[in-house]
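Take a look at the structure below.
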Amino acid sequence: MTDLVPTPPPERQLGQPPSQLSSFLEVLLAFTRLGLTSFGGPVAHLGYFRAEFVHRRRWLDEHTYADLVALCQFLPGPASSQVGMALGLSRAGLWGALAAWLGFTLPSAVLLVAFALGVSTAGDLGHAGWLHGLKIVAVAVVAQAVLGMARTLTPDRPRAAMALGAAIAALLLTNALAQVLIIAVSALIGWRFLPAGPPAGGAELPLALPRRLGATFLALFVSLLVLLPVLRDTIGGPALSLFDAFYRAGSLVFGGGHVVLPLLQAEVVPPGWVTHDDFLAGYGATQAVPGPLFTFSAYLGAVSQVGLNRLLAASIALVAIFLPSFLLVAGALPFWSVLRTKTAVQSALRGINAGVVGLLLAALYTPVFTSAVKAPLDFALVLSAFALLEYAKLPPWSVVALAALAGWWLF
C-alpha cells in the first residue's frame, strides 16, 4: 500500500511527513467529527467539507475542491460521500478513502441500526426542537458555501449568468438526470465560450494512484453490475440477493440523497423483505441523524426478512450501496487529475464550476431552505447563524452546537 499513499500537501512538508498510520487517523478523526455533526443533507455536507478542508485544514484550494465536486456530480451515487472519499484518497491514499467513508458513515449507520433493533428511546424525533435547530443552521452553512464558491468560481458576468441559468433550470427540471444534463450543457458552453487562462488556483491534486489501478477499479464496477444479477439467479442465497439489490441501487441513481428512495423501495418492499410501514419509519428516523442519507441502507438491512443475522444483513446492505461510489471515485480520479490540467478541459471546467454554483443555489432554496424555514423566527435564526459563520468567523461545529441549543430552547 506504500505506493498508494500520496505525497503530503505542501503545508505538511514544512515538518516531518506524517506516517501512513497518522495520515489514516487524521482523516478518520476529521470525518468522524463531521459524521457526528453534519446535518442538512448532501448540499450542506459539501458546505461543511469546504469549511473544514479548504479553509480550516487547507488540504486543497477552492478550485481543486470545486473540480472534485464537479466530478462527483457526474458520477452515480451519493455526491457528498464521493467527495469525502476523494478528499481522503488525495490525503492518504486508498486507506484515506476508507477512513473518510468510515468516519462519515458509521455514526449515522450505527444509530439507524440501533433504531431498527428497537433500542431507540428518543421518541418522535421529527418534531424535536434541537433537530429543527440543526436544519436551520444547515441553511446558513449552505448559504455561506454558495456565496464563497460564487466569489471564486463566478467572478465575471458570463459565469454569473451561467450560474443563474443553471439554478433556474434546476428549479424547473425535477427529473433525477436533470443535474447531469445541466452540468453537461455547462461544460459545453465553457469549452466553446470560456477560453481558459492560466491554470485556476495553480494547485495539482495530490494523488499517487496509478491509472492502471484506476482502470481496474472501473472494470470491477462494471463487472459487478453485470455479473451480480447473473450470480443471484444462478447461485442464489439471501446474502447475494441482498448485496445485488443494494449494489444496483448505489450504481444506478444520479443525484444521490432522496433520489435513491424509489429505487430502494422497489428493491426491498415488493419481495416482502421490508414492510411499507417499516420502510417509512426508517425514512423518518434517517431525517433525524447526521451524515449521508444512504446509511438508510443499514436500517433496511437490519429490518429485512431475508433469513440473515440482522447485524450481518445491515453490514452487507451498507457496504453494497457504497461500494460503487468507492470504485468509481478511485477509478476516475487518476484520469481526472491529469485531464483537469488540459487547456480544453480547463475551459469546460470553468463552465462546469459555474453550473455547480447554480445547482447549489437551487438546492439552497429547495430542499434546504423550504424544509427548515417555516416562520419568521426560523429565518431570524438563519441570519444569526450566517452572521456567526461569515462575519464572526466562528468554527462551524460551534455554530451547529449553538443552533441545536437554540432549537431545543425555542421550539
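Residue numbers (my numbering): 699 to 1109.
Glycine residues also receive a C-beta, built at the ideal position from the N, C-alpha and C atoms.
Distance, residue j Cα to residue i Cα
i, j, result
"A820", "P988", "Confidence at A820 is low in this model, with a pLDDT of 47, below 50, so the placement of that residue is unreliable and no value is reported for it."
"V967", "T973", "6 Å"
"L727", "T735", "13 Å"
"P1093", "V1055", "23 Å"
"A1067", "L845", "In the sequence under discussion, the amino acid at residue 1067 is Phe, which differs from the Ala named in the question. Roughly 15 Å separates the two Cα atoms."
"L1087", "V741", "17 Å"
"Y945", "Q1003", "18 Å"
"F747", "N1007", "35 Å"
"G792", "Q985", "Per the sequence shown, the amino acid found at residue 792 is Leu instead of Gly. Roughly 30 Å between the two C-alpha positions."
"M860", "A1052", "6 Å"
"F1110", "Q877", "An answer regarding residue 1110 cannot be provided, because it is not within the stretch 699 to 1109 covered by the chain."
"L922", "G738", "32 Å"
"A812", "A983", "11 Å"
"T850", "E760", "7 Å"
"R755", "L938", "41 Å"
"L809", "P853", "42 Å"
"G745", "P776", "15 Å"
"I880", "A867", "7 Å"
"A1073", "W1106", "16 Å"
"T762", "P1065", "26 Å"
"L870", "H753", "33 Å"
"F1109", "V1071", "13 Å"
"F729", "V924", "32 Å"
"A979", "S788", "37 Å"
"K1040", "A996", "41 Å"
"G1049", "G970", "46 Å"
"V920", "L800", "24 Å"
"L1009", "A807", "11 Å"
"A1011", "V951", "22 Å"
"L998", "H743", "23 Å"
"P936", "Y981", "23 Å"
"A1085", "E965", "44 Å"
Simplified DSSP assignment, three categories, for residue i
i, result
"N1007", "coil"
"F977", "helix"
"G1110", "Not covered by the structure: residue 1110. The range shown for the chain is 699 to 1109."
"S1023", "helix"
"V725", "helix"
"G989", "coil"
"W799", "helix"
"P805", "helix"
"V972", "coil"
"L1037", "helix"
"R754", "helix"
"W1106", "helix"
"S720", "helix"
"L905", "coil"
"P640", "The chain is shown only over 699 to 1109; residue 640 falls outside these bounds and no answer can be derived."
"G794", "helix"
"P765", "As written in the sequence, residue 765 is Asp, which differs from the Pro given in the question. If DSSP states are grouped into helix, strand and coil, D765 belongs with the helices."
"V967", "coil"
Residue i vs residue j beta-carbon contact at 9 Å
i, j, result
"G948", "A1000", "no"
"L766", "L758", "yes"
"A1046", "L773", "no"
"D780", "V1027", "Sequence check: residue 780 is Gln here, not Asp. Going by C-beta atoms, Q780 is nearer than 9 Å to V1027."
"L892", "R930", "no"
"L723", "A798", "no"
"A882", "L1058", "no"
"P805", "G888", "no"
"V1097", "A826", "no"
"P1081", "G831", "Here residue 1081 turns out to be Leu, not Pro, going by the sequence shown. Result no, Cβ atoms of L1081 and G831 do not sit closer than 9 Å."
"L1079", "A1060", "no"
"R910", "F1033", "no"
"L1025", "F915", "yes"
"S1023", "K833", "no"
"A1042", "V835", "no"
"T872", "T993", "no"
"F977", "L962", "yes"
"S1035", "L918", "no"
"A749", "L1062", "no"
"G794", "S721", "yes"
"V725", "A814", "no"
Continuous alpha helix (DSSP H) stretch holding residue i: start and end
i, result
"L938", "936–950"
"P927", "909–932"
"V741", "740–747"
"G999", "994–1001"
Contact with chain D by residue i, beta-carbon distance below 9 Å
i, result
"S1023", "Of the chains in the structure shown, none is chain D; there is only one protein chain."
Residue i CB to nearest heavy atom of the ligand ADP below 8 Å
i, result
"G786", "The ligand ADP is not among the ligands present in this structure, which contains no ligands whatsoever."
Jot down the residue ranges of each uninterrupted alpha helix (DSSP H) in the stretch 818–887, minimum 4 residues, whole runs only, in chain order. 827–851, 855–870
Please go through the stretch 1057–1102 and give each complete alpha helix (DSSP H) segment of 4 or more residues, from N-terminal end onward. 1074–1088
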